[in-house]
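Asker:
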Amino acid sequence: MRRSNCIMLPLKEKDRPIVKKLLEAGCCARCVLRFCCLGVQSAYRQSYEDTAKELCAFISDSESNECQDAAVLEQHTEDPPSKKIKMDAAETDVQSEGDSAVVPTVMEEGDAKPADSDVCAVCLGVLQEFCDEAYAIKISDVVKAKNYQFDTMVLSVSLPAQLSVREHSCWLHVKKEVREKSICLDKDDVIQVKEAFKWTMQGLVSKELGGVPVVTKISRQTEQFEVGVGFTHPETDSDCHFLAGICSDCFRPTKNKQFVSQQNVFTRMAVVKALEKVSDEKFLKKFPCPPTRPARKCIAQDAQCLHVSVFVAGRYNKFSRTLPQTPWVIDGERRMESSVEELIAAPLLSSFRAEGFNFSSSGREDVDVRTLGNGRPFALELLNPHRARFNKAEVRQLQETINQSSDKIRVRDLQIVSRDAMGHMKEGEEDKTKSYTALIWTQKAIDKDDITFLEETKELKLAQKTPLRVLHRRPLAVRERVIHTMSTCFLDTHHFHLKLRTQAGTYIKEFVHGDFGRTKPNLCDLLKTETDILELDVDVGI
Numbered sequence: 001m002r003r004s005n006c007i008m009l010p011l012k013e014k015d016r017p018i019v020k021k022l023l024e025a026g027c028c029a030r031c032v033l034r035f036c037c038l039g040v041q042s043a044y045r046q047s048y049e050d051t052a053k054e055l056c057a058f059i060s061d062s063e064s065n066e067c068q069d070a071a072v073l074e075q076h077t078e079d080p081p082s083k084k085i086k087m088d089a090a091e092t093d094v095q096s097e098g099d100s101a102v103v104p105t106v107m108e109e110g111d112a113k114p115a116d117s118d119v120c121a122v123c124l125g126v127l128q129e130f131c132d133e134a135y136a137i138k139i140s141d142v143v144k145a146k147n148y149q150f151d152t153m154v155l156s157v158s159l160p161a162q163l164s165v166r167e168h169s170c171w172l173h174v175k176k177e178v179r180e181k182s183i184c185l186d187k188d189d190v191i192q193v194k195e196a197f198k199w200t201m202q203g204l205v206s207k208e209l210g211g212v213p214v215v216t217k218i219s220r221q222t223e224q225f226e227v228g229v230g231f232t233h234p235e236t237d238s239d240c241h242f243l244a245g246i247c248s249d250c251f252r253p254t255k256n257k258q259f260v261s262q263q264n265v266f267t268r269m270a271v272v273k274a275l276e277k278v279s280d281e282k283f284l285k286k287f288p289c290p291p292t293r294p295a296r297k298c299i300a301q302d303a304q305c306l307h308v309s310v311f312v313a314g315r316y317n318k319f320s321r322t323l324p325q326t327p328w329v330i331d332g333e334r335r336m337e338s339s340v341e342e343l344i345a346a347p348l349l350s351s352f353r354a355e356g357f358n359f360s361s362s363g364r365e366d367v368d369v370r371t372l373g374n375g376r377p378f379a380l381e382l383l384n385p386h387r388a389r390f391n392k393a394e395v396r397q398l399q400e401t402i403n404q405s406s407d408k409i410r411v412r413d414l415q416i417v418s419r420d421a422m423g424h425m426k427e428g429e430e431d432k433t434k435s436y437t438a439l440i441w442t443q444k445a446i447d448k449d450d451i452t453f454l455e456e457t458k459e460l461k462l463a464q465k466t467p468l469r470v471l472h473r474r475p476l477a478v479r480e481r482v483i484h485t486m487s488t489c490f491l492d493t494h495h496f497h498l499k500l501r502t503q504a505g506t507y508i509k510e511f512v513h514g515d516f517g518r519t520k521p522n523l524c525d526l527l528k529t530e531t532d533i534l535e536l537d538v539d540v541g542i
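Everything in the sequence shown is counted per the UniProt record's numbering, starting at 1 for the first residue and increasing by one.
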């Protein structure tokens with residue numbers, strides 16, 4: 001008898017021949033529902049045992065009716081016994097070379113759960129062994145141990161590539177039956193294994209996590225927390241190898257991945273692409289139809305947790321002339337003990353419990369250059385943060401923590417932003433205007449009148465070859481830059497302050513000393529004496 005907690009599977013009379021054909025081919029209960037295009041999620045959520053029993057009853061009713069009709073015609077007084085077809089028919093021990101036969105066997109009471117010998121020929125056990133409360137507990141235990149902060153969770157699944165091959169084989173197996181019965185059914189109507197898995201597991205995982213919604217996707221990408229479960233199978237290569245001979249162009253490794261194993265070559269996308277190109281005739285010559293039973297089920301990999309990146313932006317001032325913007329490493333040896341990005345990132349990494357970060361800024365300054373004014377815009381991408389939500393007061397406290405950690409920098413306007421904001425920060429950098437203050441030394445003695453003409457020089461166009469000091473990391477090129485205005489402040493016969501307003505990207509140091517003639521014109525040319533820069537500050541505006 002059917003248990004009281006079973007749902008009535010909404011199968012129709014037209015499904016009977018398909019169900020029977022799939023059962024005889026070695027499909028599991030849930031794969032049978034998929035190929036019947038059953039889109040009722042609750043049907044997949046009930047236990048495997050209950051689904052198996054309902055399908056057995058569905059087939060048994062059909063056979064019983066056929067037997068009863070035959071008995072009436074032959075005027076027999078007793079009905080022949082009905083035989084229940086086992087859901088997961090085992091392979092026969094005797095197989096002809098290159099071929100296999102699967103025969104239905106009688107299902108005993110309580111024998112719906114498959115052993116390794118009864119692994120589904122299509123899903124390789126994914127919808128049999130890994131769609132229950134026990135596996136949901138394993139997933140939730142991993143999530144709890146990682147201690148993420150989230151309100152909603154996305155469940156994703158990665159499957160072995162040969163599932164697409166086996167599904168195609170099974171579809172071809174039922175295709176003839178579908179056409180003969182004039183059933184309006186298309187391969188695209190078959191429910192995907194991933195969908196069936198999610199329908200089955202989302203509610204179970206949610207229950208184990210205390211009712212947190214487990215969904216397919218989240219509209220607000222900034223809050224997306226994803227738990228990925230993956231499965232592998234040792235027979236991926238043997239199941240997919242024939243495709244490489246038919247569609248070799250689909251499995252060519254990329255230039256950067258010449259030395260990869262065949263297992264890695266047979267990706268899901270490559271296999272799907274090859275199946276689209278292969279004719280049914282060629283496929284049937286190379287792969288058994290229906291697919292043979294696998295020797296073993298899929299292997300579940302450890303669940304992986306990932307929170308979408310969080311982006312934090314603001315402006316920084318740098319007051320030190322011995323602090324690089326990013327870690328300064330030459331030939332594997334660190335030259336400075338810290339950097340701007342590390343001083344900013346350390347408190348953020350700790351508070352967001354992130355696993356890493358990417359630092360970006362609007363321009364950069366040399367290690368010996370101070371950044372004054374309103375500060376240089378910057379942004380940090382915090383990778384896989386375990387905590388993602390901070391209110392305005394908490395963000396202000398984070399800013400204060402950064403500022404108290406060092407007197408070499410100061411941060412302002414700290415805020416959580418979107419990914420798009422990072423792109424906007426660098427827009428139009430070439431068109432921006434920068435202001436600088438430089439302390440200049442002159443070899444020849446000067447007076448105030450020798451430098452006043454600089455203030456009358458407007459829109460001075462420069463041709464700057466890539467400076468020698470950055471040639472190791474920048475391509476050789478001649479860049480045209482403009483100095484919009486200059487103003488001076490005389491200090492003594494060999495020193496003065498020079499204020500410049502220039503096009504962004506102008507090499508100020510090279511304009512002052514000439515860089516062995518690589519910047520033309522330069523301050524040496526204009527003053528007709530050797531000049532050098534002793535100190536430089538960049539004054540960043542809004």
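We put the beta carbon where it would ideally sit given N, CA and C, even for glycine.
What does Asp-492 pair with, by DSSP beta-bridge criteria?
Answerer: Paired residue(s): His-495.
Asker: What residue range does the alpha helix (DSSP H) around Asn-403 cover?
Answerer: Asn-403 -> alpha helix (DSSP H) spans 392-405.
Asker: Cys-305 lies in the beta strand (DSSP E); which residues open and close that run?
Answerer: First-last of the beta strand (DSSP E) with Cys-305: 304-307.
Asker: Express the C-alpha separation of Ser-320 and Gly-423 in angstroms, rounding to a whole number.
Answerer: Those two C-alpha atoms are separated by around 28 Å.
Asker: Kindly list the residues whose CB is nearer than 8 Å to the CB of Ser-47, restricted to its own chain and excluding five residues on each side of it in sequence; keep chain order.
Answerer: Same-chain partners within the cutoff: Asp-132.
Asker: Going by the beta-carbon positions, is the gap between Glu-208 and Ala-136 smaller than 7 Å?
Answerer: Result yes, Cβ atoms of Glu-208 and Ala-136 sit closer than 7 Å.
Asker: Starting from Ala-287, trace the alpha helix (DSSP H) both ways and give me its first and last residue.
Answerer: Per the sequence presented here, residue 287 reads as Phe, with Ala not at that position. First-last for Phe-287: undefined, no H or E at that position.
Asker: Tell me whether Ala-115 is buried or exposed, calling it buried when 16 or more other Cβ atoms sit within 10 Å of its Cβ.
Answerer: With a pLDDT of only 42 at Ala-115, under 50, the local geometry of the prediction cannot be trusted, and no value is derived from it.
Asker: Taking all protein chains shown into account, decide if Gln-202 is buried (16 or more other Cβ within 10 angstroms of its Cβ) or exposed.
Answerer: The residue is buried, with at least 16 neighbouring Cβ atoms inside 10 Å.
Asker: Assuming the contact rule is C-beta atoms closer than 8 Å, Leu-462 and Phe-511 should be a hit. Round their C-beta distance to whole Å, please.
Answerer: Their Cβ separation, rounded to whole angstroms, is 6 Å, which keeps Leu-462 and Phe-511 in contact under 8 Å.
Asker: Rounded to whole angstroms, what's the CA-CA distance from Ala-101 to Gly-26? Just pull it up for me.
Answerer: The pLDDT assigned to Ala-101 is 35, lower than 50, so where the model puts this residue is not dependable, and the model offers no usable value.
Asker: Mind listing, in chain order, the continuous alpha helix (DSSP H) runs of no fewer than 4 residues lying wholly within the stretch 132-168?
Answerer: Correct list: 133-146.
Asker: Distance check for Ser-362 and Ser-487, CA to CA, integer angstroms please.
Answerer: Distance between the alpha carbons of Ser-487 and Ser-362 is about 25 Å.
Asker: Am I right that Ile-416 and Phe-311 are in contact with their C-beta atoms under 8 Å? What's the rounded C-beta distance?
Answerer: Indeed, because the Cβ distance is near 7 Å, the residues count as touching under 8 Å.
Asker: Could you work out which residue in Pro-291, Gln-224 and Lys-277 is closest to Ile-246 when comparing CA atoms only?
Answerer: Minimum Cα distance to Ile-246 is reached at Lys-277.
Asker: Extract the residue ranges of the alpha helix (DSSP H) inside the stretch 412-470, only unbroken runs of 4 or more that lie entirely within it.
Answerer: List check, alpha helix (DSSP H) in window: 419-425.
Asker: Go ahead and label Glu-459 buried or exposed: buried means 16 or more other beta carbons lie within 10 angstroms of its beta carbon, across all protein chains shown.
Answerer: When all chains shown are included, Glu-459 counts as exposed.
Asker: Beta carbon of Leu-523, beta carbon of Thr-531: below 7 Å?
Answerer: Contact flag set, yes.
Asker: Can you look up Ser-360 in the DSSP assignment and give me helix, strand or coil?
Answerer: Looking at Ser-360 - three-state DSSP - the assignment turns out to be strand.
Asker: Mapping DSSP to helix, strand and coil, what is Glu-97?
Answerer: With a pLDDT of 37 at Glu-97, under the threshold of 50, the modelled position of this residue cannot be trusted, and the question is left open.
Asker: Can you name, in chain order, every residue of its own chain whose Cβ lies under 7 Å from the Cβ of Lys-187, other than the five neighbours on each side?
Answerer: Here the set comprises Trp-171.
Asker: Does the stretch 335-351 come close enough to the stretch 264-275 that 3 or more CB-CB pairs lie under 8 Å?
Answerer: At 8 Å Cβ cutoff, the stretches do not touch.
Asker: Classify Arg-473 as helix, strand or coil using the three-state DSSP reduction.
Answerer: In this structure, Arg-473 counts as coil in the three-state DSSP scheme.
Asker: Does the count of Cβ pairs from the stretch 143-162 and the stretch 333-340 closer than 8 Å reach three?
Answerer: Judged by Cβ distances under 8 Å, the stretch 143-162 makes no contact with the stretch 333-340, as fewer than three pairs qualify.
Asker: Compare the Cα-Cα distances from His-513 to each of Ile-344, Ala-504, Asp-447 and Asp-525 and report the closest residue.
Answerer: The shortest C-alpha separation from His-513 is found at Asp-525.
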